[in-house]
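Following: one structure in structure tokens, then a few remarks.
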Amino acid sequence: MIHMREVLHQTQLRRLELVEELYQSHTEWLDIAEIADKLETSPHNLRNDLNSIRDIGIEVETNPSQMRLIINESIPLENAYRYFNKESVALNIVEEVFKNPDHTTSSLADTLFVSPSTVSRYVDNLNEVLTETFGIRLEKRPYHFSGDEKSIRYFLSEFYAERYTIYDWPFAMIDEAFITDLLVFLTDLLNVPMTFASMQMVKMNISVAMTRTLQGFRIESNHSKIQAMYQIALDMHDFRRFQAEFKKHYDIELNMDFLEQLFSEYTGEYYYFNHDDFYMAQQANTYVNQSVTYLNLMLTNISSMHRLEIPNRKELIYHLHNTAHLDQFDTYVTPILFPRKRRFVEEVESMYPAFYQDIYRGLVGYRDFLERPVDENMLNHLIYTLCIFWETALSQLSATNAPIRVLVLSKYDHYHARYLASALKRCVGDIIKIDIYSKKHLDLGELEESDYDIMITNLSLQPIEGKCIVYVSNMMTVDELSIFYDYMIEILQKRWLDTSSTPVYTIPNLGYNFGSI
């Protein structure tokens, strides 16, 4: 499977993968020779790469054979991805062609300070990856995107969502304040619940759509959902003010057709702006009813097998249905460089493997039922949606496990041990049960025979088989807490792998209509 990161120069890609290795290890020491071998380079090149990534704000400690990330002195991982995005010649070509669809090879070379042959080489590589990943390509004379316009807009939305922060505004043709006010007005009119995160995502999508539309690129319209909203909006003074301002600024009418261009990805037949519209459709539409029924049975099976409650079942079903029917035209589904949803899903799989396997099988079955492709990125997006929108699911899973037993020993005094215990409890919560060693004599044999999983200490204890030891000098630092967290994950993983009595999930049979939930 081809990934967009393959458009990076070989050295850039290797350095990005080195950054990923460091951040995934948290603060653990990594063997330089092993990582060099994994990245198919030499230790010498890897050390040069370390110098390069230090220049962008990633602090790394090294000794003759090892390296580790100093996480509390380094930039967030997302900023590192953004750096590599903006340093990529290929991805800079994408932005230039979006902003100016009349570029020639010569003008692109001049703008990006590279040779014409370099532009051509990167465009050829881009086309191979874009065709495979998004079904689009770059054409020359002049440079422009070709393919399904909806797919072009989807790619550009993903591109800009990763490339810029919420504080940036990269759309020179569009007034941010105007588009924000218009979006607030329309979402209030449609009773669409919005947060700052969803507002930013939709604003990015419609800004890409608006730019493309103003450049003359259009999607075939289906006015069925926009028409009712437009007729209501026409009677409102604020909307007529928006129309007048839009006409003055762009010399184009803000009419039903233009609104359809802006919101085309949200006007699909089975996508619903709010819960009420969705559940009204369920009563009248067999397909929607079957979708609801499948999800309801799937969630019932999973919750029963894992003894979980679903306090917000209807809301969860609504979001899963909408996510599936936006398909891959939602944001943060197909990564450019940063696979944020895949990382989340990998952590869920690591911490709750049985639960992950059951929701994976259920959602694969749901995609099959909808007769839609079972795509890795879309499945990650659906798994993320299920885990995030299912209120308390992950915390309930944590609570069903026996707590990890922790023993705190301090050579200073009892009150220092009590401080460490309370600090750890605040950070980690009920997944651990903490005791403080308060006996008059330290009995190593007793420690070896105890059922404690982790020991927190500032004593120079020898390694104890079957026990994880975290050394804390004074106050617990971020690095020490990170080590504790890694041990905790290892213990939970071993427990789940040792469990052999997990029920097998069965996909619901939807041979008939079950009615509404």
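Numbering (the UniProt record's numbering), first residue to last: 1 to 517. Where is the CB? At the ideal position from N, CA and C, for every residue including glycine.
Where LEU130 is concerned, the enclosing alpha helix (DSSP H) starts and stops at 116 to 133.
A residue is called buried once 16 or more other Cβ atoms fall within 10 Å of its Cβ, and GLY362 is buried on that count.
Beta bridge pairing from DSSP links THR62 with MET67. In the DSSP assignment, TYR471 falls within the unbroken beta strand (DSSP E) covering 468 to 471. THR27 sits in coil when the DSSP states are folded into three classes, being neither helix nor strand.
Cα atoms of PHE84 and LEU337: separation of roughly 8 Å, rounded to the nearest angstrom. For the beta strand (DSSP E) assignment, the uninterrupted runs of no fewer than 3 residues enclosed by the stretch 396 to 464 are, from N- to C-terminal side, 404 to 409, 432 to 436 and 454 to 457.
Where ARG54 is concerned, the enclosing alpha helix (DSSP H) starts and stops at 43 to 54. Under a 10 Å Cβ-count criterion, GLU162 is classified as buried, with 16 or more other Cβ atoms of the shown protein chains found around its own Cβ. Here the C-alpha atom of HIS249 lies approximately 11 Å from the C-alpha atom of PHE178. Considering only SER115, ARG137, PHE113 and ILE252, the residue with the shortest C-alpha distance to ASP124 is ARG137. In the three-state reduction of the DSSP assignment, GLU220 falls in the coil class.
Minimum Cα-Cα distance from ILE317 among the listed residues HIS306, ASN301, ASN296 and TYR332 corresponds to ASN296. For THR323, same chain residues with a beta-carbon under 7 Å away, outside a window of 5 residues either side, are ASP330, HIS381, LEU382 and THR385 in chain order.
Taking the Cα positions, MET173 is about 46 Å away from GLN357. When the alpha-carbon of PHE98 is set against those of ALA33, MET236 and PHE171, the nearest one is in PHE171. Nearest Cα to LYS494 within the set ALA402, SER438 and SER410: ALA402.
Here the stretch 190 to 197 does not lie against the stretch 209 to 221, with fewer than 3 beta-carbon pairs under 8 Å apart. By DSSP's assignment, PHE84 forms no beta bridge with any residue. The DSSP-derived three-state label of ILE2 is coil. In the three-state reduction of the DSSP assignment, LEU254 falls in the coil class, being assigned neither a helical nor a strand state. In this structure the stretch 483 to 492 does not lie against the stretch 76 to 83, because fewer than three pairs of beta carbons, one per stretch, are closer than 8 Å.
Residue burial annotation: ILE252 is exposed, with fewer than 16 other C-beta atoms found within 10 angstroms of its C-beta.
Put simply, of VAL345, MET378 and ILE58 the residue whose alpha carbon is nearest the alpha carbon of LEU394 is VAL345.
Within 10 angstroms of the beta-carbon of MET236 lie fewer than 16 other beta-carbons, which makes it exposed. Within a 10 Å sphere around the beta-carbon of LYS203 sit 16 or more other beta-carbons, which makes this residue buried. Fewer than three Cβ pairs drawn from the stretch 31 to 39 and the stretch 443 to 451 lie within less than 8 Å of each other, which leaves the two stretches out of contact.
Counting along the chain, ARG137 sits inside the beta strand (DSSP E) bounded by residues 136 to 139. Cβ atoms of ILE70 and VAL60 come within 8 Å of each other, at about 7 Å. For PHE263, the secondary structure class from DSSP, reduced to helix, strand or coil, is coil. In this structure, DSSP gives HIS237 a helical state, which the three-state scheme calls helix.
LEU459 and LEU370 have their C-alpha atoms spaced approximately 59 Å apart. Taking all protein chains in view, the Cβ of VAL94 is crowded by 16 or more other Cβ atoms within 10 Å, so the residue is classified as buried.
By the CB criterion at 9 Å, PRO335 and ARG342 fall inside the cutoff. Annotation: the continuous beta strand (DSSP E) that includes HIS144 extends over 144 to 147.
Taking the CA atoms as reference points, SER438 sits about 38 Å from GLU349.
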